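K.L.:
Questions regarding the structure given below will be posed in turn.
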Amino acid sequence: MSEDKADVVVLGAGIVGVSTAYAARQRGMSVVLIDRREPGSETSYGNAGIISSGSITPLNNPSLWKSLPKYLTNRHPALRWNPLWAVQNASWVARFLADTAASRFRPRATALHGLIGASAKLHRAWIVKAEAGHRIRETGWLKAWRSDAAAAARQEQALLAEYGIASELLDRQAISALEPDIVPVYKVGLLHTQTASVDSPGAVVKAYARMFASAGGDVRQSDIKEIVPEGDHWRVLLTAGEISARHVVVALGPWSAEILRPLGYRVPLAFERGYHREFKPNPARSLQRPIYDIDGGFIVTPMEQGIRVTSGVELTGRDAPSSFAQLDQVVPLARGVVEFGDAIGETWRGSRPTLPDSLPMIGPAPRHAGLWLAFGNQHIGFTTGPATGAAIAAMISGTPAPYDVTPFAPARYI
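When we follow full-length UniProt numbering, the leftmost residue of the sequence shown carries the number 1, and every step to the right adds one.
In structure tokens, the structure reads:
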């Protein structure tokens, strides 16, 4: 195959890569989007499908220390961790815990609020333009506690209000009125009213990819061997041939660090592995919105094919053998809330890329002109993908990003 040329090559066709490709194409650039699989087939496929307005609290926030004793038992459904991985990645763990400092909380929450707000607006516009508007539900999502956690719910509500994010505090009766078909196990709920959800995140990413292609973008399926700087351009080496481009965007999610290693970058990337299993729905017992069971450590979501139950976080190697212990632990809890039937298909596993400060990398690589990094969006990748891509496209074209990207600069780590 002869060499191709493009203004921009985007590596990775998850929500971040597809969004970047489309945003760059909107600005008139010639863009090639490359992935080894079809768009939306990896981590972007298996999430809970939430476009969350209120996910501004990083995992490593000051309250984490109160939860550490139960997490250290390695039996809590919200978090499992591999001891060998923890030893081998002690530096990452230390950085992650250091960022729980109170002084580090507000700047990161503010940064995430800007990213999430811009992204939610783009999602709502793009999903209609991509002819996938039937997939979005403007029903909010419900964070629910089995315990008497009204104080915690009020504290979260107050934080959200500071950022102009609306929510409603609910008691048991109000939760039953909101979701009359679930078992009334929850004492307290916080309804995020400005949050939306979709019935198939993978299908939404595919719709965005079709929108990109319809706008003149080039979608290719190939393994990516290497990226090589050559003067003021880049050579992207594929299994068959290569592409020359002025700009390369690395949006490979959990595979991003390894393609950057030959260029001298050591990215402190960890992986929040997660699992889901889908079940046949009970037509007589419907679910109107995703529910995040705080005490149970799982999310249950109505999807196109049925009810999806997603597990908490598993900290281990990206390619370590699957462990279904968390999911097996929470499925009975979910059945105690929502009535559903037998499992549909196989259990899914994905790896969500996470940096120690729980903020993504969005911006230029510090030592290579024309190399752009867009990954590390952790467990809110589906929410934040569009604005991540829009910011990269803006920076490539030399115009301001739609929000402050300074906190996401790759140079803070590499």
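Note that the Cβ used here is the ideal one computed from N, Cα and C, for glycine as well.
Quantities reported herein were computed from a predicted structural model and do not represent experimental measurements.
1. Classify P262: buried if its beta carbon has 16 or more other beta carbons within 10 angstroms, exposed otherwise.
2. Between the stretch 375-389 and the stretch 90-105, are three or more C-beta pairs nearer than 8 Å?
3. By the three-class DSSP mapping on this structure, what secondary structure does M361 have?
4. Less than 7 Å between the beta carbons of S351 and P254, yes or no?
5. Bridge partners for Q221 per DSSP, in chain order?
6. Could you check whether the Cβ of T20 sits closer than 6 Å to any heavy atom belonging to the ligand FAD?
7. Can you have a look at L68 and say buried or exposed, based on whether 16 or more other CB atoms are within 10 angstroms of its CB?
8. List the endpoints of the continuous beta strand (DSSP E) containing G189.
9. Cβ of residue 415 within 7 Å of Cβ of Y186?
10. Kindly give me the distance between the Cβ atoms of S200 and T301, rounded to whole angstroms, as I take these residues to be in contact under 8 Å.
11. Tell whether a beta-carbon distance below 7 Å holds between T384 and L115.
12. Taking the alpha helix (DSSP H) that L333 falls in, what are its first and last residues?
13. Whole angstroms is fine: what's the gap from L327's alpha carbon to H276's?
14. Hey, Y45 and Y208 are a contact pair by Cβ (cut 8 Å); roughly how many whole angstroms apart?
15. Would you check if the distance between the CB atom of P402 and the CB atom of P268 is smaller than 7 Å?
16. Measure the CB-CB distance between A365 and P410 and report whether it falls below 7 Å.
17. Exposed or buried, which one is R289 when buried takes at least 16 other CB atoms within 10 Å?
18. Taking Cβ to Cβ, would you say A374 is nearer than 7 Å to A251?
19. Cα-Cα, which of I294, R285, A325, V330 is closest to V338?
20. Whether or not the stretch 223-231 and the stretch 172-189 are in contact is what I'm after, with contact meaning three or more pairs of Cβ atoms, one per stretch, closer than 8 Å; do they touch?
21. What residue does the alpha helix (DSSP H) around A207 start on, and which one ends it?
22. Could you name the residues that DSSP lists as bridge partners for F382?
23. Can you find the residues in the same chain that come closer than 8 Å, C-beta to C-beta, to S2, ignoring five residues on each side of it along the sequence?
24. Tell me, which residues are paired with K5 by DSSP?
25. Exposed or buried, H113, counting other C-beta atoms within 10 Å across all chains shown (16 or more means buried)?
26. Mind pulling the alpha helix (DSSP H) runs of 4 or more residues that sit fully within the stretch 110-189?
27. Find out if the Cβ-Cβ distance for the pair S358, L59 is shorter than 7 Å.
28. Residues in its own chain within less than 6 Å of V18 by CB, not counting five upstream and five downstream?
P.N.:
On the basis of the coordinates in this document:
1. Looking at its Cβ environment, which holds fewer than 16 other Cβ atoms inside 10 Å, P262 is exposed.
2. Contact between the stretch 375-389 and the stretch 90-105 is absent: fewer than three C-beta pairs spanning the two stretches fall below 8 Å.
3. Three-state result, M361: strand.
4. In contact: S351 and P254 (Cβ atoms closer than 7 Å).
5. DSSP output for Q221 lists D35 as bridge partner(s).
6. With respect to the ligand FAD, the structure offers nothing, as it holds no ligand at all.
7. Under the 10 Å beta carbon count, L68 is surrounded by fewer than 16 other beta carbons and is classified as exposed.
8. It spans 188-192 - the beta strand (DSSP E) in which G189 sits, taken as one unbroken run.
9. No answer is possible for residue 415: it lies beyond the span of the chain, which begins at 1 and ends at 414.
10. In this structure S200 is not in contact with T301, their Cβ atoms being roughly 10 Å apart against a cut-off of 8 Å.
11. For T384 and L115, yes; Cβs fall inside 7 Å.
12. L333: member of the alpha helix (DSSP H) spanning 325-335, first to last residue.
13. One C-alpha to the other measures close to 7 Å.
14. Going by Cβ atoms, the distance from Y45 to Y208 rounds to 13 Å, so no, they are not a contact pair.
15. No, they are not a contact pair.
16. Yes, the pair counts as a contact, with Cβ atoms nearer than the cut-off.
17. A residue is called buried once 16 or more other Cβ atoms fall within 10 Å of its Cβ, and R289 is buried on that count.
18. Note that the C-beta distance between A374 and A251 is below 7 Å.
19. When C-alpha distances from V338 are compared across I294, R285, A325, V330, the shortest belongs to R285.
20. Judged by Cβ distances under 8 Å, the stretch 172-189 makes no contact with the stretch 223-231, as fewer than three pairs qualify.
21. 201-214 is the extent of the alpha helix (DSSP H) around A207.
22. Under DSSP, F382 forms no beta bridge with any residue.
23. In this prediction, S2 scores a pLDDT of 47, lower than 50, which makes its location untrustworthy; the coordinate-derived value is nonetheless stated afterwards. Cβ neighbours of S2 within its own chain (closer than 8 Å, five residues either side excluded): G241.
24. Looking at the DSSP assignment, K5 forms a beta bridge with S244.
25. Under this definition H113 is a buried residue.
26. Listed in chain order, the complete alpha helix (DSSP H) runs (minimum 4 residues) inside the stretch 110-189 are 150-162, 172-178.
27. Yes; because the gap between Cβ atoms is below 7 Å, this pair is in contact.
28. If we look at V18 and ignore the five residues flanking it on each side, its Cβ neighbours are P39, V205, Y208, A209.
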